[in-house]
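Read the structure below first, then the notes.
Number of protein chains: 2
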Amino acid sequence: MGEELFGYTGEVARVLRELGAEVGDRIRIVKPDGSVYEGLLMPRYALSRKQIIVLKLDNGYNIGVRFEPGTRIELVEKRRAAPGAIVTVPLLEESPPPTPKPRVYILGTGGTIASKIEYETGAVKPAMSAKELLDAVPEIGFVAEIDAGVLFNILSENMTPEHWERIADEVARLIGKGYDGIVVAHGTDTMAYTAAALSFAFRSLPVPVVLVGAQRSSDRPSSDAAFNLHAAVLTAARAPFAEVVVVMHGETGDTYALAHRGTKVRKMHTSRRDAFQSINAFPLARIWPSENRIELLTREYRERGREKLRLENGFEKRVALVKYYPGMSPEIIEFLVERGYRGIVLEGTGLGHVGEWLIDSIKKAVDAGVVVVMTSQCLFGRVNMNVYTTGRKLLAAGVIPGEDMLPEVAFVKLSWVLAHAKSVDEAKRMMLENIAGEINPRHTVNMYPRWPHEP
Amino acid sequence: MGEELFGYTGEVARVLRELGAEVGDRIRIVKPDGSVYEGLLMPRYALSRKQIIVLKLDNGYNIGVRFEPGTRIELVEKRRAAPGAIVTVPLLEESPPPTPKPRVYILGTGGTIASKIEYETGAVKPAMSAKELLDAVPEIGFVAEIDAGVLFNILSENMTPEHWERIADEVARLIGKGYDGIVVAHGTDTMAYTAAALSFAFRSLPVPVVLVGAQRSSDRPSSDAAFNLHAAVLTAARAPFAEVVVVMHGETGDTYALAHRGTKVRKMHTSRRDAFQSINAFPLARIWPSENRIELLTREYRERGREKLRLENGFEKRVALVKYYPGMSPEIIEFLVERGYRGIVLEGTGLGHVGEWLIDSIKKAVDAGVVVVMTSQCLFGRVNMNVYTTGRKLLAAGVIPGEDMLPEVAFVKLSWVLAHAKSVDEAKRMMLENIAGEINPRHTVNMYPRWPHEP
Chain P
2 MGEELFGYTG
12 EVARVLRELG
22 AEVGDRIRIV
32 KPDGSVYEGL
42 LMPRYALSRK
52 QIIVLKLDNG
62 YNIGVRFEPG
72 TRIELVEKRR
82 AAPGAIVTVP
92 LLEESPPPTP
102 KPRVYILGTG
112 GTIASKIEYE
122 TGAVKPAMSA
132 KELLDAVPEI
142 GFVAEIDAGV
152 LFNILSENMT
162 PEHWERIADE
172 VARLIGKGYD
182 GIVVAHGTDT
192 MAYTAAALSF
202 AFRSLPVPVV
212 LVGAQRSSDR
222 PSSDAAFNLH
232 AAVLTAARAP
242 FAEVVVVMHG
252 ETGDTYALAH
262 RGTKVRKMHT
272 SRRDAFQSIN
282 AFPLARIWPS
292 ENRIELLTRE
302 YRERGREKLR
312 LENGFEKRVA
322 LVKYYPGMSP
332 EIIEFLVERG
342 YRGIVLEGTG
352 LGHVGEWLID
362 SIKKAVDAGV
372 VVVMTSQCLF
382 GRVNMNVYTT
392 GRKLLAAGVI
402 PGEDMLPEVA
412 FVKLSWVLAH
422 AKSVDEAKRM
432 MLENIAGEIN
442 PRHTVNMYPR
452 WPHEP
Chain D
2 MGEELFGYTG
12 EVARVLRELG
22 AEVGDRIRIV
32 KPDGSVYEGL
42 LMPRYALSRK
52 QIIVLKLDNG
62 YNIGVRFEPG
72 TRIELVEKRR
82 AAPGAIVTVP
92 LLEESPPPTP
102 KPRVYILGTG
112 GTIASKIEYE
122 TGAVKPAMSA
132 KELLDAVPEI
142 GFVAEIDAGV
152 LFNILSENMT
162 PEHWERIADE
172 VARLIGKGYD
182 GIVVAHGTDT
192 MAYTAAALSF
202 AFRSLPVPVV
212 LVGAQRSSDR
222 PSSDAAFNLH
232 AAVLTAARAP
242 FAEVVVVMHG
252 ETGDTYALAH
262 RGTKVRKMHT
272 SRRDAFQSIN
282 AFPLARIWPS
292 ENRIELLTRE
302 YRERGREKLR
312 LENGFEKRVA
322 LVKYYPGMSP
332 EIIEFLVERG
342 YRGIVLEGTG
352 LGHVGEWLID
362 SIKKAVDAGV
372 VVVMTSQCLF
382 GRVNMNVYTT
392 GRKLLAAGVI
402 PGEDMLPEVA
412 FVKLSWVLAH
422 AKSVDEAKRM
432 MLENIAGEIN
442 PRHTVNMYPR
452 WPHEP
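Residue numbers (the working numbering), protein chains in the order written: chain P, 2 to 456; chain D, 2 to 456.
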């Protein structure tokens, strides 16, 4: 290992040393096929011995370029005083950090964060292993000792409650091995559902469980994969909370990421990097990867290291999320009851309403032992079924008010509750209890977004 | 009518004149039962001859106090230089406005804006007629000549496509009578659905059709009923656009209301006054009731007076809005096909996805002649089904991408399209066309809200 230089070994280390190239210098790589890559030399995360050179391109994105026989490296420009944005202090240290680094496990489950372009079709398909991600994002090696593995590799729209159970089991197994934090790389489409599922399944945690994804594939210049993964590893390694959180870009720029509580977060945009936002709650923390800093936004969290791991895994599969719309037919409720569904989360209007012609079918469902929970398609605010006649009739029919729970979170919660409650009555009680921060009793005026009213 | 004073007649006018009370003066009304009301004297809208005194309370809300025999009025304080917030210039005019005022019809359909407390139960139930609203909000009489009527009186969660049709017919009839604008007072729960329905049904309009509601009942101090109705009447009377819009509070304070395009608006909060917001679009205008001013925010609108009234009424009732969730069973799609549904709007994840195990049932639905449209539960952003494998499979199965349409709007549009297209192919083509501003081809970065990241 005497040949190591900034994490590079073998032939690459030798060539870089001959050039006098240092981390932060601008270099150009010309490959035998004539393709040219230019950018700032980044340190190499040393877990893999592959001959790969990591460059930070001008768009801010890191790539790993394979050093094949016949590849030429040129030194374009020596490093300026200020290094690039993302990696700062740890890079400039001559000696390794004094204390042992936290150990973080990155568990791959699929999604864009683990994807590269499927060249045949031009479309994106998950393909990259979690370990390969390390090669592309060397910063995380300075934050923690990284281990990585792939549990499965699916697009997150294909996640089911069975997958939630498998992820929970695997995360529990890894925590049992003594990791200081777990990162779950996950597709963004249903990441918030999985985050809620893990939040309910883990009744207590000794370390953070951090879900992370990417809105843009890591082969695109605008990819948020590296930034998000860095922020997620930092959170897993050092955050003072031991909760299930989603860590994703907080703004469009590479400024800060946010750590959202797993039961209060929602994907609010199809494509923006800052698609994930907390609803009816503030995020737990802002994560500033460029400073390796975690800025806490609340003191209300479950502390790292205070509680033991307790997993109550298992989700009822016969639960439906039904969004109300004008004129909706009762036959849809009746059908679910006939098919043996044990729970229905209604996404009603306003304070928690549906058309009055549905109330009979809902009452019959409740009488048949189905747990029916009301949420609001407004998303923001709180269900209050005592204000209007319709709400009071629904309460009388036995509908459980979902407080300020997101419809998606109420769906996940009901799936979990029905797999663990010993009776329908206990399930109803549990739906009203705040189990994993899914109910926020205190809303403040500034929790609502500022809407754009001017072009 | 010689006894008239600021719109007051009879005994009230006589007492006010004796006191030397003017509009804007602070007065106190002591009723025979001992109840006391104090506030600024407001002008009386003269359509009704009832002996009612209108006060602006210190919370900014106007109430009408019945002047019964034995009621005492005291002059507390003469008007200060600056009159109250809402009514300004027109009040101070000595002579009537020089030109004939626009004629506006307020059509009541129910909801909180037309409600008062149901005292027996403490709950709110629609009860007040549109005409009674005029008594409570005298400002609107200065903006326009008001006629009013009640079409029906229902909570808006009970609105159905049949009600949309009745409202459209009645609005068309009223426009035919020469009104300069129509205000539709409507419950807020499904007001955005009705706004979209009218937007599609009215292929062209000569005048604005303005939906308005209230988030807080008019008996509550925080009621937004008066402010919203004033803004709605102003919009109907004077806006340069002839479109279907929703006019509601723009902020929590009584500063401005917003006129949202009927196909781009959504109720985003269960209880806030500024619950209605434009999604993937900017509002058309800010309405400043205190200045009787309309501030246009765009030049892209259909102009007042340019087009003739054209109503193509009718909505297909066998259309469903189905929200996807992890693990959702194909049996729900199959059930809708079996029951003869002609259209299904899917509220998928991310860029427009569902679990791959649903694709077979979706393809069967399409093959059976059901029009299936994809939207995103993210709400913000645009469906793009060319990026990932799942999207391409869904396109191949014949799913129509819903662009940046809100799921609710796509549902209303499909209901309308299926009642008017001559074939399934024509229906599919129409779903891709921008018929009523429901598709915004240009999104800008600043169309996304600013999310609160700090307590």
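For every residue, glycine included, the Cβ atom is placed at its ideal position computed from N, Cα and C.
Which residues bound the beta strand (DSSP E) around D:Y194?
-> Segment 192-202 is the alpha helix (DSSP H) holding D:Y194; no beta strand (DSSP E) there.
Could you work out which residue in P:D148, P:L206, P:M269, P:A149 is closest to P:A464 when comparing CA atoms only?
-> Not covered by the structure: residue 464 of chain P. The range shown for chain P is 2 to 456.
From which residue to which residue does the alpha helix (DSSP H) around D:M432 run?
-> 425-433
Let me know the beta strand (DSSP E) ranges lying completely inside the segment 283-312 of chain P, each 3 residues or longer, listed in chain order.
-> 286-289, 294-297
Where does D:K364 sit, in a helix, a strand or coil, going by DSSP?
-> helix
With 8 Å as the threshold, decide whether the Cβ of D:W417 is near any Cβ in chain P.
-> no
Helix, strand or coil: which one does DSSP assign to D:R15?
-> helix
Distance, Cα to Cα, P:E409 vs P:V172?
-> 22 Å
What residues in its chain sit with their C-beta under 6 Å from that of D:E39, if we drop five residues either side in the sequence?
-> So the list reads R29, once near-sequence residues are dropped.
Cα separation between D:G356 and P:L156?
-> 9 Å
Nonlocal neighbours in the same chain, by C-beta distance under 7 Å from P:A428, ignoring five residues either side = V372, V418, L419, A422
Do you know offhand how far P:M448's Cα is from P:R287's?
-> Rounded to whole angstroms, P:M448 to P:R287 spans 16 Å at the Cα level.
Can you tell me which of D:L285, D:A321, D:A243 puts its alpha carbon nearest to the alpha carbon of D:E304?
-> D:A243
For D:R274, count neighbouring C-beta atoms within 10 Å of its own C-beta (all shown protein chains included) and say buried if the count is 16 or more, exposed if not.
-> By the neighbour-count rule (16 or more Cβ atoms within 10 Å), D:R274 is buried.
Just the chain P side, please: which residues come within less than 7 Å of D:D190 by C-beta, in chain order?
-> T350, G351, H354
Opening and closing residue of the alpha helix (DSSP H) in which P:A243 lies = From DSSP, P:A243 is part of no alpha helix (DSSP H); its letter is neither H nor E.
What does D:F336 reach in chain P if we use C-beta pairs closer than 7 Å?
-> F336
So, does the CB of D:P284 fall closer than 8 Å to a CB anywhere in chain P?
-> yes
Specify, as a first and last residue, the run of the beta strand (DSSP E) that D:D170 falls within.
-> Run containing D:D170: none in the beta strand (DSSP E); it sits in the alpha helix (DSSP H), 162-177.
Interface residues of chain P around D:K273 at Cβ under 8 Å?
-> One point to set straight first is that residue 273 of chain D is Arg, not Lys, in the sequence displayed. F381, G382, Y449, listed in chain order.
By the criterion of Cβ-Cβ separation under 8 Å, what are the contact partners of D:G254 in chain P?
-> Here the premise fails: no neighbours, minimum Cβ distance about 11 Å.
Within 10 angstroms of the Cβ of D:A14, are there 16 or more other Cβ atoms? Answer buried if so, exposed if not.
-> Buried: at least 16 other Cβ atoms inside 10 Å.
Expressed to the nearest angstrom, what Euclidean distance is found between the alpha-carbon atoms of D:S223 and D:R217?
-> Near 7 Å, if we compare the C-alpha coordinates of D:R217 and D:S223.
Euclidean distance between Cα positions of P:L322 and D:K414 = 23 Å
Close Cβ partners of D:F316 (< 7 Å) along its chain, the five nearest in sequence each way excluded | P162, W165, E166, A198, S416, W417, A420
Mark P:E332 as exposed unless 16 or more other C-beta atoms lie within 10 angstroms of its C-beta, in which case mark it buried.
-> exposed
P:T161 touches chain D at which residues, Cβ-Cβ below 8 Å?
-> Listed along chain D, the residues sitting closer than 8 Å to P:T161 by beta-carbon distance are P327, G328, G356.
Got a sec, what are the start and stop residues for the alpha helix (DSSP H) D:T390 sits in?
-> 390-397 is the span of the alpha helix (DSSP H), which, as asked, contains D:T390.
Excluding five sequence neighbours on each side, which residues of the same chain lie with their C-beta closer than 7 Å to the C-beta of D:Y342?
-> R319, V320, A321, V371
Quick one: is P:G254 buried, meaning 16 or more other Cβ sit within 10 Å of its Cβ, or exposed?
-> exposed
Identity of the residue in P:I334, P:G399, P:R267, P:A398 nearest P:V247 by Cα | P:R267
Taking Cβ-Cβ distances shorter than 7 Å, what residues in chain D pair up with P:H270?
-> Simply C379, F381, G382, Y449.
Taking the C-alpha atoms as reference points, what is the distance between P:P209 and P:G351?
-> 35 Å
Under 8 Å between C-beta atoms, does D:N154 make it to chain P?
-> no
For P:E158, which residues from the same chain have a beta carbon less than 8 Å from its beta carbon, with the 5 sequence-adjacent residues on both sides left out?
-> G188, D190, T191
Buried versus exposed call for D:D200 [16 or more other C-beta atoms within 10 Å across all chains shown] | Inspection of the sequence shows that residue 200 of chain D is occupied by Ser rather than by Asp. When all chains shown are included, D:S200 counts as buried.
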